[in-house]
Amino acid sequence: MTKIHEGKIALITGGNSGLGLATATTLAKEGAKIAIVGRKEDSLQKAKENIISNVPKAEVLIIKADVSSEKDTKKYVDATVKEYSRIDYFFNNAGIEGLQEPITKYDMDVYRSVIDINLMGVVYGLKYVIEVMEKQAKGTIVNTSSVGGLRGVVNQSAYVASKHGVAGITKNMASEYADKNIRVNAICPGAIKTPMVEQAFKMMNPENPEQAEREFAANNPTKRLGVPEEVADVVSFLFSEKSRYIVGQMIVIDGGQSNQY
Ligand code: NAD
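If you're matching positions, the sequence shown starts at 0 in numbering that gives the first Met the number 0 and goes up one per residue.
Below, the structure is given as structure tokens:
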């Protein structure tokens, strides 16, 4: 039986960890050829081994690049096209959390780096990938926003500003490119158990991060955090033809947490 993403080319930023790695593995299982972008060579290499240990026939290109650099962005897009000739799917996903501080105490250099990575990184990715997809007259893009792209999160104003920016540009790109056969959506995960969220629990309760996690989970209707594979399945759906009339949407994946207060 033909796999749903057979032969498709998927470019994934932040593909060496968390949501990006889970999505790379899921798409590889479903037949896609993968290019993953991250900042560290050794972690990219480990991620490649991890994907291949799950999917022995997977084709995985690793590209070391900083998404907050426009020059590096052009480099990772060019490297993907050189290897695979095209880009069918772009998971524009790399991001950092930044600090949990009120604005009066927030270090402005860190603030700027959150905006540079989470927002400008997404913008640069769109600029260079859409150029490729326009030439192909086809492509599908999923940006990673957050429930923090739809609501406020106390003491995380840099993150929330960056993710609201991602939500905004997603809607714009979707409107501007839908008639060119380029479909753009965003995912808005809640708390999904990845290294980033584990780090956040350490910031909330340095002595007892497990306690912070338990408290967080207790407030979720499902009484648990999400796992990266649950996000990967949604991204796979958004890349597939099954979601062909979903355009410019913010898809919340949070166990229903953002419905309640
Ligand atoms: P993670 O820390 O496991 O992964 C983040 C990835 O981004 C890593 O691979 C890292 O190398 C990469 N990255 C960071 N800065 C980069 C840069 N400058 N250049 C290149 N790569 C860079 O965290 P995650 O939870 O998998 O996060 C992935 C995305 O999901 C982020 O955008 C994050 O904001 C978003 N998100 C996560 C959650 C969650 O609960 N885990 C919730 C909402 C949104």
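Positions of the beta carbon are idealized from the N, C-alpha and C atoms, including for glycine.
Residue nearest to residue i in terms of C-alpha spacing, selected from the options
i	options	result
LYS2	GLY14, LYS32, GLU209 and GLY138	LYS32
VAL59	VAL128, LYS74, LYS104 and LYS7	LYS7
VAL128	ASN117, ASP115, ASN142 and ILE116	ASN142
LEU26	VAL251, ASP232, SER257 and MET249	ASP232
TYR83	ILE61, PRO55 and MET202	ILE61
VAL146	SER161, GLY37, ALA34 and THR139	SER161
MET269	ASP71, VAL152 and SER156	Given that the chain is displayed from residue 0 to residue 260, the structure contains no residue 269 and the question cannot be resolved.
GLU212	ALA199, THR221 and PRO220	ALA199
ASN219	ASP253, GLY124 and VAL66	ASP253
ALA57	VAL246, PRO101, SER68 and HIS4	HIS4
Whole-angstrom distance between residue j and residue i, CA atom to CA atom
i	j	result
GLU175	ILE168	10 angstroms
GLU40	ARG223	33 angstroms
ARG111	HIS163	15 angstroms
GLY255	ARG182	26 angstroms
ASN154	GLY13	24 angstroms
LYS179	ALA136	6 angstroms
TYR149	ALA190	Reading off the sequence, residue 149 comes out as Leu, not Tyr. Cα to Cα, LEU149 sits roughly 14 angstroms from ALA190.
THR139	GLU133	11 angstroms
MET0	LYS28	13 angstroms
Span of the beta strand (DSSP E) around residue i
i	result
ILE250	249–252
ASN91	88–91
GLY37	32–37
LEU60	59–63
Start-to-end residues for the alpha helix (DSSP H) that takes in residue i
i	result
THR51	This sequence places Ile at residue 51; Thr is not what is there. From DSSP, the alpha helix (DSSP H) with ILE51 extends over 40–53.
ASN219	That residue, ASN219, is in no alpha helix (DSSP H); it is neither H nor E in DSSP.
THR24	17–28
ASN171	156–176
Cβ-heavy atom distance, residue i to the ligand ATP, below 7 angstroms
i	result
THR193	This structure lacks the ligand ATP; its bound ligands are the ligand NAD.
Residue-level contact to chain C via CB, residue i, 8 angstroms cutoff
i	result
GLY19	Looking at the structure shown, chain C is missing, and only one protein chain is on hand.
Touch check for the region 89–101 and the region 5–25: three-plus C-beta pairs under 8 angstroms?
yes
The region 46–55 in contact with the region 69–81 per 3-pair CB rule at 8 angstroms
no
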